[in-house]
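Protein chains: 2
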Amino acid sequence: MEITKKKLEKQKSDNEKYLSNSILRGLEVLKMFSVENQTLSLAEIASNLGVSRTTPYRILYTLEECGYIYQDSHTKRYGLRPKVLELGYTYLNSLELPELAAPYLEKLRDETGMSSHMGILDGNDIVYIARYPARSVATITINVGSHLPVHATAMGKCLLAHLPEENKEELLSKLQVLQIPDAPIVEVKKLRDELQSIKEKGYVFHKGEFETGVWSVACPIFGKDNKVIAAINIAITQHAADEELMEEKIIPAVCQVAREISSFMVMTI
Amino acid sequence: MEITKKKLEKQKSDNEKYLSNSILRGLEVLKMFSVENQTLSLAEIASNLGVSRTTPYRILYTLEECGYIYQDSHTKRYGLRPKVLELGYTYLNSLELPELAAPYLEKLRDETGMSSHMGILDGNDIVYIARYPARSVATITINVGSHLPVHATAMGKCLLAHLPEENKEELLSKLQVLQIPDAPIVEVKKLRDELQSIKEKGYVFHKGEFETGVWSVACPIFGKDNKVIAAINIAITQHAADEELMEEKIIPAVCQVAREISSFMVMTI
DNA sequence: AAACTTTGTTTTATTGATAAAACATAGAAA
DNA sequence: TTTCTATGTTTTATCAATAAAACAAAGTTT
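In order, the protein sequences belong to chains A and B. Count along the first sequence starting at 1, add 65, and that's the number in this note's numbering. Count along the second sequence starting at 1, add 65, and that's the number in this note's numbering.
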């Protein structure tokens, strides 16, 4: 009993000794709001955090005072304010990537009539950094800033396939250990074979799989030294998709635009 | 002496009693990174915060552990990671506004060859929520998420002019009290007259002024009940601008697109 | 090479954040 | 209505975050 407690304390002082609960929870609160939950009550926030209502009461006071959230004086419910954009945009603005690729992605969207995206690697995830939704009414709704497990998306696999061997293996073993919930199970051997064939073909064509109901064609973008730096894709809802069209027109179009972006990247960055 | 201290303590317990320093500083650290300062050292962050190095040391440890920042193992310097996008994009994704206006803003950009933007009101500020940069090389670089004082921009004045009287006066008095640094001095009487004429004309044409070297044409966007909900603009660097072109082509084009967006807003939202 | 400066990191006393409890209020159920 | 439950708010004891100081290591200046 004594020993167990000591061990736990030891672990804490090794791994979490400098973790700040206040900051952890403050950021968690900001991330708690979503398209589905645009407003939240104090009780909801407290329950989501798994703490008493005192803690978020103070956090919410602070965030409101800073202008990141507002409180409806009648319903007492909280919601995000535009100022939260300041937090992420400093990062996005520091990237040249989406800016430079914008005209190409728009062209691709207009040529195919489907939504085009760009994503980069962040740990085990693909992060969407640019998005040009199809002009049609029913469109794909994966937004800029979204994170998805790298092995669950066409863009992710595409990026993974073209990574240097050492980085690829490191990521694969991490994915196997984690076995991320809601994502497909990682069978490393199978995945490794798939990545090999992706690398040879130069593109990924997903018909459904993880992104249920979505067809997706992805290609890698290369920078200096022929290193993969990003991926682009075209996505369309399954019921609007046509296999022949995809094979004959869309895949070549995505590959073509990816090559154009890559050669532009090599020239500029 | 005694009394002064007591007074200060009283004030604190009234206004700041629930303010959390940890959260305040954590968010300040995230905002400290910029296009100019993409990486920062512990000492720089501590000095910017005006505190000892211990505090940011802990904050940075926490933010790194959460995946919002990284530390270069060699230089020891810190930088933002893509995960910070998660903080702001939940908000942007909850807005229909930029999504619905996108095709119109793109059209406007392509017709004029200049950068188009959309902004909304947030307290005393205009926040940019959509941006379509000109396809030319030298372009305006006011990014989505940027905040500017409402009376310093064409979009801001445009929005302000069409606000209901009570809200307008409330904002004007706030602006006068604050006298925001780096922004033009607010002479309420003069500004009120200007807003009146803006409301009659229906657009704002800025030749320079606060946004030095930038010409800008802004129009209001109206939603249900004819309430102003946003503004759009076209911006171009001064040396590329042409007064006759602006007057004859650009201003009518912006007004036309603004009307189109407004009538679409009334129909949909 | 020696002294100085700066930077990152660790330790400890003090200050501030948190949880539990108590309270107030409002809406739902009896 | 009365009771009950849920929610927001305030108070106080405990626990975590902070500043100051001390330390180690690297880079500069002398």
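Idealized CB from N, CA, C, for every residue including glycine.
(message) Along the chain, where does the alpha helix (DSSP H) containing B:Val279 start, and where does it finish?
(response) Premise fails: B:Val279 lies in the beta strand (DSSP E), 279-287, not in any alpha helix (DSSP H).
(message) Between the alpha carbons of A:Lys233 and B:Ser106, how many angstroms are there, rounded?
(response) 30 Å
(message) Taking 8 Å as the threshold (beta carbon to beta carbon), is A:Gly132 in contact with chain B?
(response) yes
(request) Say whether chain A places a C-beta atom closer than 8 Å to the C-beta of B:Asp307. (result) no
(message) Would A:Lys177 and A:Ala295 qualify as a contact pair, given that the criterion is a beta-carbon distance under 8 Å?
(response) The residue asked about is misnamed: residue 177 of chain A is Thr in this sequence, not Lys. Cβ atoms of A:Thr177 and A:Ala295: not closer than 8 Å.
(request) Round the Cβ separation of A:Ala300 and A:Val279 to the nearest angstrom and send it over; I've been treating them as touching at under 8 Å. (result) 6 Å
(request) Go ahead and label B:Lys222 buried or exposed: buried means 16 or more other beta carbons lie within 10 angstroms of its beta carbon, across all protein chains shown. (result) buried
(message) Taking only three categories from DSSP, how would you classify B:Met332?
(response) DSSP places B:Met332 in helix when its eight states are reduced to three.
(request) Take the Cβ of B:Gly153 as the centre, count every other Cβ of all protein chains shown within 10 Å, and call the residue buried at 16 or more, exposed below. (result) buried
(request) Evaluate A:Gly115 with the Cβ neighbour count: other Cβ atoms within 10 Å of its Cβ, from every protein chain shown; 16 or more gives buried, anything less gives exposed. (result) That one is exposed.
(message) I'd like to confirm something about B:Thr119: is its beta-carbon nearer than 7 Å to some heavy atom of the ligand SAM, or not?
(response) The ligand SAM is not part of this structure, which contains no ligands at all.
(message) Quick check on the burial criterion: 16 or more other C-beta atoms within 10 angstroms. Buried or exposed for A:Val242?
(response) exposed
(request) Would you mind reading off the limits of the beta strand (DSSP E) that contains B:Asp258? (result) Segment 253-266 is the alpha helix (DSSP H) holding B:Asp258; no beta strand (DSSP E) there.
(request) Give the single residue among A:His216, A:Met179, A:Thr204, A:Lys172 whose Cα lies nearest to the Cα of A:Val192. (result) A:His216
(message) Looking at B:Ile194: is its Cβ nearer than 8 Å to the Cβ of B:Leu162?
(response) yes
(request) Under 9 Å between beta-carbons, which chain A residues line up against B:Gln303? List them in chain order, please. (result) Neighbours of B:Gln303 on chain A: none; closest Cβ ~22 Å, over 9 Å.
(request) State the start and end residues of the unbroken beta strand (DSSP E) segment that holds B:Lys172. (result) Note, B:Lys172: premise wrong, no beta strand (DSSP E); alpha helix (DSSP H) at 162-177.
(message) So if DSSP puts A:Thr104 in a beta bridge, which residue, or which two residues, is it bridged to?
(response) In the DSSP output, where bridge partners are listed per residue, A:Thr104 has A:Gly144.
(request) Please report how far the alpha carbon of B:Thr206 lies from the alpha carbon of B:Lys141, in whole angstroms. (result) 30 Å
(request) List the residues of chain A that B:Thr218 touches, going by C-beta distances under 8 Å, in chain order. (result) None at all; the shortest Cβ gap to chain A is about 15 Å.
(request) Kindly indicate which residue of A:Ile315, A:Glu130, A:Glu325, A:Lys289 has the alpha-carbon position closest to the one of A:Val282. (result) Minimum Cα distance to A:Val282 is reached at A:Ile315.
(request) Indicate whether A:Ala297 and A:Met183 have their beta-carbon atoms separated by less than 8 Å. (result) Before going further, note that residue 297 of chain A is Ile rather than Ala in the sequence given. A contact, by the Cβ cut-off of 8 Å.
(request) Excluding the 5 residues preceding and the 5 following A:Glu129 in the sequence, name in chain order all residues of the same chain whose CB lies nearer than 8 Å to its CB. (result) Tyr135, Gln136, Tyr143
(request) Taking 8 Å as the cut-off, decide whether the C-beta atoms of B:Glu151 and A:Gly210 are in contact. (result) yes
(request) Out of A:Ala323, A:Glu265, A:His271, point me to the one whose CA is closest to A:Cys284's CA. (result) A:Ala323
(request) Report the rounded CA-to-CA distance for B:Ala199 versus A:Asp258, giving the unit in angstroms. (result) The alpha-carbon atoms of B:Ala199 and A:Asp258 are separated by roughly 44 Å.
(request) Tell whether a beta-carbon distance below 8 Å holds between B:Asp190 and B:Leu213. (result) yes
(message) Against chain A, which members of the segment 191-215 of chain B pass a CB distance test of less than 8 Å?
(response) Val192, Ile194, Pro198, Arg200, Asn208, Val209, Gly210, Ser211, His212
(request) Inspect the beta-carbon positions of B:Ala226 and B:Leu260 and report whether they are closer than 8 Å. (result) yes
(message) Quick check on B:Ile185: buried or exposed, where buried means 16 or more other Cβ atoms within 10 Å of its Cβ?
(response) Buried, because 16 or more other Cβ atoms sit within 10 Å of the Cβ of B:Ile185.
(message) Please state the DSSP three-state secondary structure of B:His304.
(response) helix
(message) I'd like to know whether the C-beta of A:Thr277 is nearer than 8 Å to at least one C-beta of chain B.
(response) no
(request) Given a cut-off of 8 Å, decide if B:Ile88 and A:Ile43 are closer than it, judged by their beta-carbon atoms. (result) Missing from the structure shown is residue 43 of chain A; chain A here goes from 66 to 334 and no further.
(request) Starting from B:Pro214, follow its DSSP beta bridges and name the residues at the other end. (result) B:Asp190
(message) Is the beta carbon of B:Tyr133 closer than 8 Å to that of B:Val149?
(response) In contact: B:Val149 and B:Tyr133 (Cβ atoms closer than 8 Å).
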